[in-house]
Structures are given as structure tokens and as C-alpha cells.
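Counting from 65, one number per residue, gives the positions in the sequence shown under the numbering used here.
By construction, the Cβ of each residue, glycine as well, lies at the ideal position given by its N, Cα and C atoms.
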Amino acid sequence: MKFPKDFLFGAASASYQVEGAWNEDGKGVSNWDVFSKIPGKTFEGTNGDVAVDHYHRYKEDVKLMAEMGLESYRFSISWSRIIPDGDGEVNEKGIEFYNNLIDECLKYGIVPFVTLYHWDLPQTLEEAGGWTNKRTIDAFNKYAEVCFRAFGDRVKHWITFNETIVFCGHGYLAGAHPPGIVNDVKKYFEATHNVFVAHAKAVKKYKSLKQYGEIGITHVFNPAFSVDDKEENIFAAKHANYYDTFWYYDPILKGEYPKYVVDELKKKGLTPDWTKEELDLLKESADKNDFIGLNYYQPKRVMKIDSEEEFKANRENSTGAPGNPSFDGVYKTVMMKDKVYTKWGWEISPEGFLDGLRMLKKRYGDVKLYITENGLGDEDPIIEDVIADVPRINFIKEHLKVVKKAIQEGINLKGYYAWSVIDLLSWLNGYKKQYGFIYVDHKNNLARKKKLSFYWYKNIIETRGEEL
Ligand code: BG6
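Here is the structure:
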């Protein structure tokens with residue numbers, strides 16, 4: 065089978081991780097510009113001041129994407145480039161940059177797939193309470209509308225938010241992302257709710273503009289599976305899916321929160337400060353949402369936590385590797401002897417991907433899906449000047465096979481975006497953890513070089529994945 069004609073083969077990036085030019089052409093300061101400079105927050109103190117200089121080299125980068133045969137480029141817009149202080153004046157230079165980037169993509173027939181929020185919040189808004197302050201909802205709405213009006217004639221695919229669970233979880237529970245708060249469960253749920261409301265408002269606004277494109281949200285797709293058949297662990301996995309998947313997907317796709325979680329939050333006094341108007345808005349926007357984007361890296365293997373001690377001992381682990389207890393001490397994620405892991409301890413599991421997709425279909429029916437991220441973080445070997453990222457080729461191959469199988473099973477999957485198009489700055493892991501098809505030489509003026517995977521993916525796209 066070849067992949068269907070309307071299936072998009074793409075690759076992705078995010079503004080803070082590639083652009084650099086952090087204080088150029090009127091850009092405001094973002095929360096990450098500040099947070100990454102606090103000693104000890106990132107690997108070797110890396111930050112996005114320069115990143116891989118995509119801001120100045122976008123023409124060279126898009127040309128390489130075109131050479132790879134990429135059909136679509138998923139990138140994000142830096143809010144503080146467009147509205148430097150969050151909700152004040154628009155910065156025309158910021159609009160100009162994204163106009164140029166979009167036009168450069170279209171010159172080669174590359175479909176721009178745009179994320180409005182990939183974690184870099186204007187610092188002024190962060191200081192005013194970030195996503196726990198409802199002012200941020202209105203500010204986002206204004207920013208989204210500016211983007212729709214400026215770019216919507218050419219951009220027909222919009223993602224409002226990238227991975228709410230990560231920026232809220234890391235921001236208010238693990239303290240590993242801005243605002244760096246540890247264990248404030250009340251704020252965590254408050255922030256997630258405000259993001260869903262901001263999403264619903266942006267969807268409503270977008271539809272009212274009649275630009276006839278599509279809009280959705282991207283979530284982490286991290287399905288939980290019990291480590292064994294023990295009832296207590298099966299329960300732990302169910303609990304994990306309710307809190308980490310359904311809490312995020314239900315308000316978008318069903319227009320309401322899962323009762324199981326709502327009831328528990330109520331008992332614990334953790335219910336977000338929501339209004340009837342907001343809940344009605346979620347309800348109303350559910351069938352206006354056009355798709356869900358899934359970022360799949362790994363499943364989680366879950367078991368019940370049996371001692372308070374364990375819960376405390378593992379609090380600090382926040383890089384994505386198993387070992388994390390849940391905030392409520394009900395379950396923990398674990399590594400298993402019979403599973404395969406990356407150098408950073410992330411499980412490699414195409415099977416978990418397929419099982420997870422089936423789980424989604426069961427709960428949400430035929431919703432339209434894009435895989436908006438999937439990829440292997442690795443230290444790529446360079447052998448006689450060749451960047452021999454064979455493990456990445458194998459990883460993507462196995463996951464694309466799953467995508468094909470899922471389509472054959474009737475799962476409504478319309479595109480695949482590898483993470484990432486080019487080596488970029490990992491939020492917490494610096495430049496050591498590489499994901500790209502294009503290598504960036506940090507010892508040689510950020511020179512770009514094609515990896516083996518570049519040629520491999522080019523062939524997959526050209527042949528529409530027939531050999532997979
Ligand atoms: C996703 C993010 O969570 O994971 C990306 O959307 C990120 O921005 C990617 O880079 C990989 O994470 P890490 O920690 O391996 O760089």
C-alpha cells in the first residue's frame with residue numbers, strides 16, 4: 065500500500081528551539097528567555113539566544129526541506145515576536161518574519177502547519193501569573209486573531225497549543241519549566257483549564273473569520289499500560305489514562321471533563337475556578353475542533369505505588385524517562401526488563417503506539433488525527449564525515465509502519481511530522497540530544513549537513529511509503 069494522496073509527510077520544529085535572534089527586530093522577552101538563564105535549569109546552561117539561527121537562515125533551511133521532498137513544515141510562532149508584551153502593540157517586524165517564512169515554504173509547495181503556542185509565553189504575562197491568570201486567555205485570543213488575520217490567507221492548518229500537559233505539568237508540578245513551581249496541584253489544574261478555554265475561544269474566533277482552513281490542538285500521546293495482570297496495576301493504568309490522557313482529550317473532543325477526575329478533584333478541593341460560561345463554551349466548541357495532533361514518543365508502563373517513600377524519592381525526575389510518580393501518589397512509571405530504551409531512557413515501542421491509537425479510536429471514534437511529533441533523540445555517530453543516524457531511520461520506519469497499519473484499520477490519520485526537521489535545542493537537554501534529518505555543526509558556524517536519514521526520508525516521501 066502507498067500512503068493516500070492527501071496524507072502529508074512532514075517534519076516539525078518550534079520557535080524557541082530553532083530561531084535564536086531572541087532580542088532582534090522588536091521581539092519581546094519570553095518566559096524561556098528568562099528561565100533558561102537561571103543557573104542549573106538547563107543542561108550545561110544552554111539557551112535559545114542563538115539556537116540554530118533559523119531566524120537568519122530560514123531560506124537555507126526551507127531549501128533543504130524542499131530538497132528532502134518535505135510536503136509540510138510544522139513550525140511555531142513566537143508570541144513575543146508578534147506582540148512583545150503579550151497583549152499590547154503588534155510588532156510589524158515579527159509579522160514580516162513569519163510572512164517571509166510562510167512565503168518561502170509556499171515557493172516550494174511546502175504546506176505550512178502552524179502552532180501558535182509552543183511554550184514561549186511573553187514574560188510580562190508569565191509575571192502576571194501565566195496560565196493561572198485568566199488575563200492570559202484574553203491575551204492569547206488577541207494574539208491568535210492577529211495571526212489568523214495576518215497569515216490565514218496562506219496558512220490553512222492551525223494548532224493552538226502544543227502539549228498542555230508538559231508546560232503545565234513541568235511548570236506547576238515538577239518545576240522544570242517556567243514558572244518553575246513545584247507541586248502546586250491546584251494551580252496545575254487551573255492552568256490546564258484556562259488553556260482549554262483559550263483553545264475553545266481561538267477555535268470560535270477562527271471559524272467566525274471564515275478562512276476555511278482547519279484548527280485543532282496537539283497533545284502528548286503517552287498511553288498508559290499496566291506492567292502486568294494484577295488488578296491493582298490495571299487500576300493504576302486506568303487512573304493514569306484518566307488523568308494524563310482523557311483529562312486533556314475529553315474537553316476538546318467531547319466538550320466536557322471526564323467525570324472520574326472531576327469527582328476526585330471535587331473531593332480534594334482541587335476543582336479549577338471554572339464558570340458555567342466557560343464550561344458551556346467547551347461544550348459548544350467540541351464539534352468545531354477539526355483534528356487532534358498527537359506527539360508520540362513512548363507509552364508509559366504503570367504500576368501502583370505502595371509506599372510514600374517512593375513517591376518522594378522520585379519527585380525530581382522530569383526529563384520524560386520513567387521513574388516519575390504521579391502527583392497524587394497513586395501510580396508510578398517504571399522501566400521494564402523486556403523493553404527497549406533510548407540513551408535518555410525513553411521506551412521505544414511502535415506496538416504501544418498502535419495499541420494507543422486503537423484506544424483513542426474506541427473512546428473518540430473517527431476523529432481526524434495528525435501525528436505532529438515522533439522521533440528519536442540520540443547522539444548521532446559521525447563515521448568518515450557521514451552522519452550515520454541509522455537508529456533514527458529504524459525508529460521512524462517502525463513508527464511509519466504503524467501509521468500505515470492504523471490507516472488500514474480505518475483510523476483517520478492524515479499526516480506524519482517527524483520530530484525534528486533539523487537538530488535543534490532541546491529544552492532541558494541542550495544540543496546533545498539530536499532529533500533532526502539535518503545536522504547542525506556547532507563547531508563550524510552552525511553549518512548544515514544532511515544526515516543519512518535525510519536521504520532515507522526523501523525516498524519514503526517520493527515513493528509514498530510503498531516499501532514500508
Ligand atoms: C516534545 C516537545 O515534548 O518533545 C518538543 O514538543 C521537544 O519541543 C520534544 O523537543 C523532545 O523532547 P526532548 O526533551 O527530548 O528534547
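### Query
Are any of the Cβ atoms in chain D nearer than 8 Å to that of I174?
Annotation note: the requested chain D is absent from the structure, which comprises a single protein chain.
### Top-ranked residue by Cα proximity to K62, from A75, G84 and P243
Summary: the structure shown does not reach residue 62, with the chain confined to residues 65 through 532, and so no result is reported for it.
### Task
Less than 8 Å between the CB atoms is what I'm expecting for I451 and Y503, so what's the real figure, rounded?
5 Å
### Task
Please determine, among V404, G173 and K340, the residue with the shortest C-alpha to C-alpha distance to K364.
V404
### Boundaries of the alpha helix (DSSP H) in which R456 is found, first to last residue
The continuous alpha helix (DSSP H) containing R456 extends over residues V454 to Q472.
### Outcome for P322 when other beta-carbon atoms lying within 10 angstroms are tallied against a minimum of 16
buried
### Query
In its own chain, which residues sit with a C-beta less than 6 Å from the C-beta of M65, not counting the 5 before and 5 after it?
none
### Task
Could you say which of L180, F99 and A75 lies nearest to M132 if we only look at CA atoms?
The residue among L180, F99 and A75 with its C-alpha nearest the C-alpha of M132 is A75.
#### Entry: Coarse secondary structure for N359, derived from DSSP in three states
strand
### Query
So, N533 versus A85, is the Cβ gap smaller than 8 Å?
Absent from the model: residue 533. The displayed extent of the chain is 65 to 532, so no value can be given.
### First and last residue of the uninterrupted beta strand (DSSP E) at P176
V175 to Y181
### Message
Ignoring anything shorter than 3 residues, give me the beta strand (DSSP E) runs that lie fully in the stretch 224-293, in order along the chain.
### Response
278-284 and 288-290
### Message
Let me make sure I understand the geometry here. Which of N305, I223 and D248 has the alpha-carbon closest to that of V267?
### Response
Each of N305, I223 and D248 was checked against the Cα of V267, and the nearest Cα belongs to I223.
### Message
Check for me: the alpha helix (DSSP H) holding S140 runs from which residue to which?
### Response
S140 -> not in any alpha helix (DSSP H); beta strand (DSSP E) instead, spanning S136 to S140.
### Task
Would you tell me roughly how many angstroms separate the C-alpha atoms of N197 and G109, rounded to the nearest one?
29 Å
### Query
From this set, K426, K407 and R512, which residue's C-alpha is nearest K496's C-alpha?
K407
### Query
Using a threshold of 7 Å, is the CB atom of L358 nearer than that to any non-hydrogen atom of ligand 1?
no
### Task
My understanding is that A115 touches L492, with C-beta atoms under 8 Å, so please give their C-beta distance in whole angstroms.
Not confirmed; about 14 Å, so no contact.
### Among I229, E278 and I245, the one whose alpha carbon lies nearest that of T256
Ranking I229, E278 and I245 by Cα distance to T256 puts I229 first.
### Task
Could you spell out the range, first to last residue, of the beta strand (DSSP E) harbouring R528?
For R528, no beta strand (DSSP E) segment is defined, and its DSSP state is neither H nor E.
### Query
Does the Cβ of A75 lie closer than 7 Å to at least one heavy atom of ligand 1?
no
### Message
Please report the straight-line C-alpha distance between C232 and Y252, rounded to a whole angstrom.
### Response
6 Å
### Message
Less than 7 Å separating the Cβ of G280 from some heavy atom of ligand 3?
### Response
Questions concerning ligand 3 fall outside what the structure shown contains, since the ligands it does hold are ligand 1.
### Message
What does the alpha-carbon distance come out to for the pair T397 and K368?
### Response
Distance between the alpha carbons of T397 and K368: 9 Å.
### Task
Return the first residue and the last residue of the alpha helix (DSSP H) that M132 is part of.
H118 to M132
### Query
What are the residues that DSSP puts in a beta bridge with Q45?
An answer regarding residue 45 cannot be provided, because it is not within the stretch 65 to 532 covered by the chain.
### Task
Taking W96 and Y80 to be in contact with their CB atoms under 8 Å, please state how far apart those CB atoms are, rounded to whole angstroms.
Contact between W96 and Y80 holds, with the beta-carbon distance rounding to 5 Å and staying under 8 Å.
#### Entry: Contacts around D89, its chain only, beta-carbon distance under 6 Å, and the 5 residues preceding and following it disregarded
Cβ neighbours of D89 beyond the five flanking positions: K157.
### Beta-carbon spacing of D125, I525 below 8 Å
No. Outside cutoff.
#### Entry: Closest residue to G474 among D430, K514 and E448 (Cα-Cα distance)
D430
### Query
Can you tell me whether DSSP reads K171 as helix, strand or coil?
The three-state secondary structure of K171, taken from DSSP, is helix.
### Query
Is A511 helix, strand or coil when you go by DSSP?
strand
### Message
ligand 1 and L492: does the residue's C-beta get closer than 7 Å to at least one heavy atom of that ligand?
### Response
yes
#### Entry: Nonlocal neighbours in the same chain, by C-beta distance under 6 Å from Y306, ignoring five residues either side
P322, Y324 and V325
### Message
What would DSSP say about V504, mapped onto helix, strand or coil?
### Response
strand
### Query
Since K318 contacts D70 with CB under 8 Å, what's their CB separation in whole angstroms?
Contact flag wrong, Cβ pair sits at about 26 Å.
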